[in-house]
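Enquirer:
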Amino acid sequence: MKPGTTPTPDTWFVDNEANWDDRADLHMGGGYSGIDGLIADKSAISNELAQDLARFGDLSGKDVIHLQCHLGTDTIGFARRGANRVVGVDLSANSLRDARNIADAAGLSVEYVHANVYDARAAVEGDFDLVYTSLGVLCWLPDIDRWARTVASLLKPGGAFFIRDDHPMFMTIWDIGDDAPDDLLVKQSYFQQVHPLTWEDEGSYADAPGAPRIKRTTNHQWNHSLAEIITALIRAGLVIDVVEETPFSAWCAWPHLMVQEADGRWRLRDNPERLPLQFVIEAHKN
Ligand SMILES: C[S@@+](CC[C@H](N)C(=O)[O-])C[C@H]1O[C@@H](n2cnc3c(N)ncnc32)[C@H](O)[C@@H]1O
20 MKPGTTPTPD TWFVDNEANW DDRADLHMGG GYSGIDGLIA DKSAISNELA QDLARFGDLS
80 GKDVIHLQCH LGTDTIGFAR RGANRVVGVD LSANSLRDAR NIADAAGLSV EYVHANVYDA
140 RAAVEGDFDL VYTSLGVLCW LPDIDRWART VASLLKPGGA FFIRDDHPMF MTIWDIGDDA
200 PDDLLVKQSY FQQVHPLTWE DEGSYADAPG APRIKRTTNH QWNHSLAEII TALIRAGLVI
260 DVVEETPFSA WCAWPHLMVQ EADGRWRLRD NPERLPLQFV IEAHKN
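Position in the sequence shown counted from 1, then plus 19, gives you this note's numbering.
Rendered as structure tokens:
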């Protein structure tokens with residue numbers, strides 16, 4: 020962001036789309052390891068999806084939509100597990116180009132739709148048995164009530180909604196610096212703010228030596244408290260079935276303070292019970 024300029028709603032999504040197009044190139048250039056294995060092994064499911072797959076029961080004959088699907092590394096798992104129709108929606112055209120290539124190479128049928136999540140209802144025909152979204156999603160959305168209404172509008176009666184995401188309390192402190200002491204300073208707002216936090220990032224949460232740098236660095240993010248998220252889903256007409264908070268993260272925010280478990284998840288090395296790093300919500304539409 021140029022000094023002295025304030026991002027406006029017109030530019031939020033334009034900047035974020037450009038930033039995510041560059042991130043897709045970075046991730047395909049080495050940031051997301053394991054894509055070749057996911058294509059080659061016809062039974063492979065991404066770690067992110069595998070940890071939750073049992074919650075969804077038998078997927079055969081089910082229609083599934085994955086909001087903010089990025090490269091589709093989780094999305095293809097629904098097709099692999101026999102879902103009838105699988106749709107992935109994302110703001111980034113480069114992400115969807117790569118997602119289509121990955122699904123084609125894996126021989127799987129997935130419809131990828133280029134749309135802002137807020138426009139998903141207009142962009143996609145039909146209703147769904149499962150709306151799925153996970154890991155790094157709500158921080159890109161300014162209006163959580165509008166998002167919850169979109170989720171509800173995509174569900175069939177009896178359909179299920181699932182989200183696993185970074186915990187908003189984790190988001191208040193992740194930017195404390197690479198050499199921060201272990202006292203985890205709260206720096207950012209916990210509660211939703213009208214104005215985004217605007218960042219300039221050349222790298223990504225999933226990076227690799229030699230991967231292309233992000234050129235369109237400006238990106239805008241929002242934090243939403245757990246109560247705001249739950250209340251938005253209730254207001255949108257959904258019934259909340261499960262709320263979980265976990266001391267595990269999918270990514271390493273502070274290499275000197277975190278350790279990786281055998282299953283790939285990260286937790287604080289000392290006293291991990293201090294801080295929730297992810298939350299899960301399961302809900303359904305009556
Ligand atoms: C962190 S990624 C999700 C990652 C996914 N869990 C994975 O492991 O691949 C966030 C995704 O949200 C998308 N996104 C950001 N803002 C969006 C919006 N307003 N509408 C739709 N997609 C959006 C980005 O393009 C990006 O692909």
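Note that the Cβ used here is the ideal one computed from N, Cα and C, for glycine as well.
All values reported here derive from a predicted model rather than from experimental measurement.
Give me the Cβ distance between Arg74 and Phe181, rounded to the nearest whole Å; I'm assuming they're in contact under 8 angstroms.
Expert: For the purposes of this step, residue 74 is identified with residue 55 of the sequence shown, where counting begins at 1. For the purposes of this step, residue 181 is identified with residue 162 of the sequence shown, where counting begins at 1. With a Cβ gap of about 7 angstroms, Arg74 and Phe181 count as contacting.
Enquirer: Rounded to whole angstroms, how far is the Cβ of Val108 from the Cβ of Val136, which I believe are closer than 8 angstroms?
Expert: Taking the sequence shown and counting its residues from 1, the one referred to as residue 108 is at position 89. Taking the sequence shown and counting its residues from 1, the one referred to as residue 136 is at position 117. The pair is a contact, with the Cβ atoms about 6 angstroms apart (cut-off 8 angstroms).
Enquirer: From this set, Ala227, His303 and Pro274, which residue's C-alpha is nearest Gly50's C-alpha?
Expert: Against the sequence shown, residue 50 aligns to sequence position 31. Looking at the Cα atoms, Ala227 is the closest of the given residues.
Enquirer: For Leu306, which three-state DSSP category applies?
Expert: Past the edges of the chain, shown from 20 to 305, lies residue 306, and the structure says nothing about it.
Enquirer: Taking the continuous beta strand (DSSP E) assigned at Thr217, which residues delimit it?
Expert: Looking up residue 217 in the sequence shown gives position 198. First-last of the beta strand (DSSP E) with Thr217: Leu216 to Glu219.
Enquirer: Which term fits Pro22, buried or exposed, when burial requires 16 or more other beta carbons within 10 angstroms of its beta carbon?
Expert: For the purposes of this step, residue 22 is identified with residue 3 of the sequence shown, where counting begins at 1. Only weak support is given to the placement of Pro22: the predicted model assigns it a pLDDT of 45, under 50, and the question is left unresolved by the model.
Enquirer: Any heavy atom of ligand 1 closer than 6 angstroms to the beta-carbon of Gly155?
Expert: Here residue 155 is taken as the residue at index 136 of the sequence shown, counted from 1. It does: the Cβ of Gly155 is within 6 angstroms (strictly closer) of some heavy atom of ligand 1.
Enquirer: Counting pairs of Cβ atoms below 8 angstroms between the stretch 119-133 and the stretch 196-208, do you hit three or more?
Expert: With a cut-off of 8 angstroms, the stretch 196-208 and the stretch 119-133 do not count as touching, because too few Cβ pairs lie within range.
Enquirer: Checking 7 angstroms against the spacing of the C-beta atoms, do Val170 and Ile84 come in under that value?
Expert: As a working note, residue 170 is residue 151 in the sequence shown. As a working note, residue 84 is residue 65 in the sequence shown. Contact: no.
Enquirer: Are there 16 or more other CB atoms within 10 angstroms of the CB of Arg42, so buried, or fewer, so exposed?
Expert: If you number the sequence shown from 1, residue 42 lands on position 23. Result: buried.
Enquirer: Could you name the residues of the same chain whose beta carbon sits closer than 6 angstroms to that of Asp164, not counting the 5 residues immediately before and after it, in chain order?
Expert: Along the sequence shown, read from residue 1 onward, the residue named residue 164 stands at position 145. Cβ neighbours of Asp164 beyond the five flanking positions: Ala251.
Enquirer: Write down every uninterrupted run of the beta strand (DSSP E) in the stretch 167-206 whose length is 3 residues or greater and which is fully enclosed by it, in chain order.
Expert: As far as the stretch 167-206 is concerned, its whole beta strand (DSSP E) runs of at least 3 residues are 174-185.
Enquirer: Using alpha carbons as the reference points, say which of Asn66, Ala102, Leu68 and Thr92 lies closest to Asp82.
Expert: Along the sequence shown, read from residue 1 onward, the residue named residue 82 stands at position 63. Of Asn66, Ala102, Leu68 and Thr92, the residue nearest in Cα terms is Ala102.
Enquirer: Counting pairs of Cβ atoms below 8 angstroms between the stretch 227-237 and the stretch 28-48, do you hit three or more?
Expert: A contact exists between the stretch 227-237 and the stretch 28-48.
Enquirer: So for Val83, helix, strand or coil by DSSP?
Expert: Numbered from 1 along the sequence shown, position 64 holds the residue referred to as residue 83. Of the three classes helix, strand and coil, the one that applies to Val83 here is strand, per DSSP.
Enquirer: Can you tell which of Ala269, Leu90 and Ala142 has the C-alpha that lies nearest to the C-alpha of Leu296?
Expert: Here residue 296 corresponds to residue number 277 of the sequence shown, with the count starting at 1. Answer by Cα proximity: Ala269.
Enquirer: The beta strand (DSSP E) with Asp71 in it runs from where to where?
Expert: In the sequence shown, counting from the first residue as 1, residue 71 sits at position 52. Taken as a continuous stretch (DSSP letters only), Asp71 belongs to no beta strand (DSSP E), as it is neither H nor E.
Enquirer: Taking the C-alpha atoms as reference points, what is the distance between Thr27 and Lys175?
Expert: Here residue 27 is taken as the residue at index 8 of the sequence shown, counted from 1. Here residue 175 is taken as the residue at index 156 of the sequence shown, counted from 1. Answer to the nearest angstrom: the Cα atoms are 35 angstroms apart.
Enquirer: Buried or exposed for Ala179, going by 16 or more other Cβ atoms inside 10 Å?
Expert: Stepping through the sequence shown from its first residue, residue 179 is reached at position 160. Its Cβ being crowded by 16 or more others within 10 Å, Ala179 is buried.
Enquirer: Could you tell me if Lys304 is buried or exposed, where buried requires 16 or more neighbouring beta carbons within 10 angstroms of its beta carbon?
Expert: Locating residue 304 in the sequence shown gives position 285, counting from the first residue. Answer is buried; the Cβ neighbour count reaches 16.
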